[in-house]
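Report on one structure; see the data block that follows.
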Amino acid sequence: MSTRRARGRKIIPLSPFKRHKSYQSHFETGCQFYSSGRVDEAIEEFRRAAALDRRDPESRIQLGLAYASKGDYPTAVTYFRRGIELNPKDAEVYFHLGMALFYSSDIKEAARIWKKGLVLQPHDLDLHMALAEAYSLLGQYSRTYEYVEKVLQIDPKNVEALNIRGRTYLQEGKSQQARDELRKAIRHHPYYATTYVNLGIVYTHMGLLDAALVQFRRALRIDPRHTEAYINLGHALWHKGDHWNAIEAFSEAAKIDPEDREAFYFAGMVYAELKAYRESERCLKQALLLDSTFEEARANLIKVQEKLKSAGGKDS
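Residue 2 is where the sequence shown starts when you use our numbering, and the numbers rise one by one after that.
Structure below.
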């Protein structure tokens, strides 16, 4: 019997036929990735969806939300604007575009966009609140009060509106009115930590540091991860001369939010007062690492480094 192999054609196994994903499939996958925190993968899926349907606003809006969640507000602005071009009747997109502009420090343009959104949704509380906040920061206090009042007409006990009005009173130097407004907010919502923080800031401005400390500590009992409460607690302790406890408060804020430049900056300033220049230098460098445009930190870092140089690189 012949042992020679029979000749035959080589069999090439075929891969299963892959159907191209549809727009809907990419979009839904993107939403799943986004909801599970896989933002970069979500962006890729939304981009593919957008490429398959160039007239669809939803994929552009989702791209805007994804980039905003990464802190890339200029790119988010681009996608939100495209979403509005494709569907100018969606008031929700005006809100998100305004927020991206707001966090890009273009507050005037944010206010302009939010007002356009209000034309579509005149009773949208979030848009009224956003405008009140924007005009407060722009120093246009009469407009701030106007939008706060509109919120309170819809929701008379809205704690955020009462807080904005209280903070605006303080910005105008009306400390007692600010205090009364924030006390009213606490009566309506006794477990909203930010109101206690704002009331503590009012007391700090009034020179009532012990009363301020009480409010900041109340805020932290309600929300132990409230970084603003820790930073303002640190301020009040610092002004009372309690340097080490102030540093502890700033350090707690930095642990909760390692991206908070203020926590490192103020810790650095207190260390400098204690002549612990090495620690001061470390904290001020970290503040600058987080924000290279932080000129106060840069100026004080130079002073601290001069102190170190004159002391031969040692703390006093």
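All residues carry an ideal CB built from backbone N, CA and C; glycine is no exception.
The structure presented is a predicted model; accordingly, all values stated were derived computationally and were not measured.
With a beta-carbon spacing of about 18 Å, residue 246 and residue 202 fall beyond the 8 Å limit used to define contacts.
In the three-state reduction of the DSSP assignment, residue 122 falls in the coil class, being assigned neither a helical nor a strand state. Where residue 270 is concerned, the enclosing alpha helix (DSSP H) starts and stops at 262–274. The C-beta separation of residue 194 from residue 227 comes to about 5 Å, placing the pair in contact by the 8 Å criterion. For residue 207, there is no enclosing alpha helix (DSSP H), as DSSP marks it with neither H nor E. The beta carbon of residue 70 sits closer than 7 Å to those of 40, all from its chain and outside the five residues before and after it, given in chain order. For residue 118, the closest of 107, 108, 219 and 131 by C-alpha to C-alpha distance is 131. Nearest neighbour of residue 184 by Cα position, chosen from 54, 271 and 166, turns out to be 166. Residues of the same chain with a CB within less than 7 Å of the CB of residue 149, apart from the 5 flanking positions on each side, are 133, 162, 165 and 166 in chain order. Across the structure, residue 144 and residue 136 are spaced so that their CA atoms are roughly 6 Å apart.
Of 156, 24 and 249, the smallest CA-CA separation from residue 46 is found for 24.
Look at residue 159 here: in three-state DSSP terms it is coil, with no helix or strand label.
The three-state reading of DSSP puts residue 74 in helix, counting H, G and I together. Measuring C-alpha to C-alpha distances from residue 171 to each of 199, 190, 155 and 258 identifies 199 as the nearest.
Selection 124, 38, 262 and 88 evaluated against residue 61 yields 88 as nearest (Cα-Cα).
The beta-carbon separation of residue 280 and residue 306, rounded to 13 Å, does not stay under the 8 Å limit for a contact. Within its own chain, the residues whose Cβ lies closer than 8 Å to the Cβ of residue 127, once the five positions on either side in sequence are excluded, are 96, listed in chain order. Within the same chain, and ignoring the five residues on either side of residue 83 in sequence, the residues whose Cβ sits closer than 7 Å to its Cβ are 61.
Beta-carbon to beta-carbon, residue 111 and residue 103 are separated by about 4 Å, close enough to satisfy the 8 Å threshold.
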